[in-house]
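Engineer: Each residue of the sequence shown is one higher than the one before, starting from 2 at the first, in my numbering.
A virtual CB, placed ideally from N, CA and C, is assigned to each residue, including glycine.
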Amino acid sequence: MAENPYIVEMRHITKRFPGIVANDDVTISVKKGEIYALLGENGAGKSTLMSMLFGMYEPDEGQILIRGKEEKIESPSYAAGLNIGMVHQHFKLVSNYTIAENIVLGMELMKKAVGIFPYVDMKSANREVAELSKQYGLEVNPTDVISDVNVSTRQRVEILKMLYRKAEILIFDEPTAVLTPQEIQSLLQIIRNLRDGGKTIILITHKLEEIRQVADRCAILRRGKLVGVYDVAGMDAKKMASLMVGHEVQLTLDKKPMQAGAAVLDVENLHVENEDGFEVVKGVSFQVRAGEIFAIAGVSGNGQTEIADAVAGLMKVSGGNIEINGTDITHFDVRKRAETGLSYIPEDRQQVGLVLDFSLEDNLALRNYYKEPFQKNSVLQRPVFHKYGNELIAKYDIRSANGNETMVRSMSGGNQQKAIVGREIEQDAPLTIFVQPTRGLDIGAIENIHRQILEERDKGKAVLLISLELDEIMQLADTIAVIYNGQFGKIAPAADFTTAEVGEYMMGVKKS
């Protein structure tokens, strides 16, 4: 009898949540030793499907077979017993432990001192971790503390945690979301090494180019259903994108030459301290002109979000000046800044951008509720809220179960983002700040937001863009400032940079 080539089979999987079918009769089969990619829009059901394989959910219908045997995977520990591991998008590490301590946590090598007293044999653990990291090209120093190492090293630690637990089936959820271009290439090589070492890789991502570089096959999901499974070698990015969203997608932006005017935002020698009193922005100066997209590129945690929050009034400035169209707003409160001419799309849409337990129409009116005609003699005018909400829902294609009445908490991330972008753009402010505007969004929603950013610029607005997605910056920016450790390494027209050069400045290995 021929041996079953499939290490993972998920047959006719259906998973329902209240009001939604997350997976609808999905069947996939993954061969041992292949890199299998899962592609789909936000809410397509990719993560839900893999969460069932990892034991975080159980399917309502269908079967899961591992190595040809049907399994009821009731928990992540049961999945680990089947040699299944998962690297989550948000790492799960203890920051004040060493790398080796994190890797062996829960599986420590115990010895006895004087034959009686048990202790953890960290010397042997350090040696094992060092050997394991060399074997797979994941070099780390076992005694480094997690809080002292960069993002890509933390990701290596997550992978080593799985390998230490003898994982044979490795699930990666959006593994390149916070990496520089050089780190992404390094990770893709690590994934190839793992496959060549006999591991089976399942990759959840929305980045088409990465799938084309490493995957053998890809399954495309759309609205919970399987569209099809394809050999990656015979697919181009445009075809993948159109199968994913159900219509043709424009992968290249139609960007007109910049027509820059006078400076709208003028930031001079800005210093910002975090809540611990540590200086995170160290004397940066820049201008954003009317009709210009000025982008700040950098690895997460280098001060770029703090610059945006300081300009928007969410963080106090410890030194320097901020002006909008010649008005000093350095010490204005948030509302006064908005009225001076600033719109803000924050990094954290749920904590900062929205009131999750308000309706959609109330969230759309947050910038205007205290102005006429939204209020008259301090009484809110509900019909005005309703009409305005309906206009923005139609204009920005905001999809929700109950229109204006929908509780924002129940909406998808992409539609929450559309609501914030629509609300802020409608203010018609001279300056709009976009922080991570497409984070976690699928290719259809990304295309939509990119188009809106370009439209603002072409209307003569000043746009400050902060993004960890280097492709996004290279496509949209007219001017790029690269930040490293709270300081700008270089500011220049986007056309003067190569992607590799921006990556080098982002890692601090290149200086002007």
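For Asn270, name the three-state secondary structure that DSSP assigns.
Structural biologist: The answer is strand: DSSP assigns Asn270 an E or B state.
Engineer: Alpha carbon to alpha carbon, what distance is there between Asn43 and Arg1?
Structural biologist: Here the chain covers residues 2 to 513 and nothing more, so residue 1 does not appear.
Engineer: Taking its Cβ as the centre, do 16 or more other Cβ atoms sit within 10 Å of Gln352, making it buried, or is it exposed?
Structural biologist: With fewer than 16 other Cβ atoms within 10 Å, it is exposed.
Engineer: I'd like to check one pair, Thr306 with Glu348: are the Cβ atoms closer than 7 Å?
Structural biologist: Yes, the Cβ-Cβ distance between Glu348 and Thr306 is below 7 Å.
Engineer: Give me the DSSP bridge partner(s) of Tyr345.
Structural biologist: DSSP lists Ile434 as partners of Tyr345.
Engineer: Considering only residues of the stretch 100-183, which uninterrupted alpha helix (DSSP H) runs meet the minimum length of 4 residues and lie entirely inside it, listed in chain order?
Structural biologist: Segments of the alpha helix (DSSP H) lying fully in the stretch 100-183: 100-105, 123-136 and 152-165.
Engineer: My understanding is that Gln156 touches Pro176, with C-beta atoms under 8 Å, so please give their C-beta distance in whole angstroms.
Structural biologist: Confirmed, Cβ separation roughly 7 Å.
Engineer: Is Val9 near Val27, with beta carbons less than 7 Å apart?
Structural biologist: Their beta carbons are not under 7 Å apart, which means Val9 does not touch Val27 by this criterion.
Engineer: In three-state DSSP terms, what is Lys239?
Structural biologist: Of the three classes helix, strand and coil, the one that applies to Lys239 here is helix, per DSSP.
Engineer: Can you tell me which of the three DSSP states Tyr389 falls into?
Structural biologist: Residue state, collapsed to three classes: helix.
Engineer: When the Cα atoms are used, what is the spatial distance from Lys455 to Ile421?
Structural biologist: The residue asked about is misnamed: residue 455 is Leu in this sequence, not Lys. Going by the C-alpha atoms only, they are around 17 Å apart.
Engineer: Could you check whether the Cβ of Asn43 sits closer than 7 Å to any Cβ belonging to chain D?
Structural biologist: Included in the structure is just one protein chain, with no chain D present.
Engineer: Select from Gly278, Leu209, Val88 and Ala216 the residue whose C-alpha is nearest the C-alpha of Lys240.
Structural biologist: Lys240 has its Cα closest to that of Leu209, out of Gly278, Leu209, Val88 and Ala216.
Engineer: Using a 10 Å radius around the Cβ and a threshold of 16 neighbouring Cβ atoms, would you call Gln136 buried or exposed?
Structural biologist: With fewer than 16 Cβ atoms within 10 Å of its Cβ, Gln136 is classed as exposed.
Engineer: Between Ser360, Ala402, Met408 and Thr433, which has its C-alpha nearest Glu340's C-alpha?
Structural biologist: Cα-wise, what sits closest to Glu340 is Thr433.
Engineer: What are the boundary residues of the alpha helix (DSSP H) that includes Ser78?
Structural biologist: From DSSP, the alpha helix (DSSP H) with Ser78 extends over Pro77 to Gly82.
Engineer: Name the DSSP beta bridge partners of Val88, please?
Structural biologist: Paired residues: Phe173.
Engineer: With three or more C-beta pairs closer than 8 Å as the rule, is the stretch 56-73 touching the stretch 139-151?
Structural biologist: No, they do not touch.
Engineer: Can you give me the C-alpha to C-alpha distance between Ile426 and Tyr506, rounded to a whole angstrom?
Structural biologist: In a straight line, the C-alpha of Ile426 is about 32 Å away from that of Tyr506.
Engineer: Hey, could you find the ends of the alpha helix (DSSP H) Gly504 is sitting in?
Structural biologist: Counting along the chain, the alpha helix (DSSP H) containing Gly504 begins and ends at Thr500 to Met507.
Engineer: The alpha helix (DSSP H) spanning Lys226 covers which residue range?
Structural biologist: Looking at the DSSP string, Lys226 is not in any alpha helix (DSSP H); the run it does join, the beta strand (DSSP E), is Lys226 to Asp232.
Engineer: Starting from the C-beta of Asn391, find all residues in its chain whose C-beta is less than 7 Å away, skip the five residues before and the five after it, and write them out in chain order.
Structural biologist: If we look at Asn391 and ignore the five residues flanking it on each side, its Cβ neighbours are Asn405.
Engineer: Thinking C-alpha only, which one of Asn364, Val281, Thr15 and Ile297 is nearest Met316?
Structural biologist: The shortest Cα separation from Met316 among Asn364, Val281, Thr15 and Ile297 belongs to Val281.
Engineer: Helix, strand or coil for His248 per DSSP?
Structural biologist: Three-state result, His248: coil.
Engineer: In chain order, what residues of the same chain have a beta carbon less than 6 Å from the beta carbon of Glu62, not counting five sequence neighbours either side?
Structural biologist: Same-chain partners within the cutoff: Thr15.
Engineer: Within 10 Å of its beta-carbon, does Val95 have 16 or more other beta-carbons around it, so buried, or fewer, so exposed?
Structural biologist: Its Cβ having fewer than 16 others within 10 Å, Val95 is exposed.
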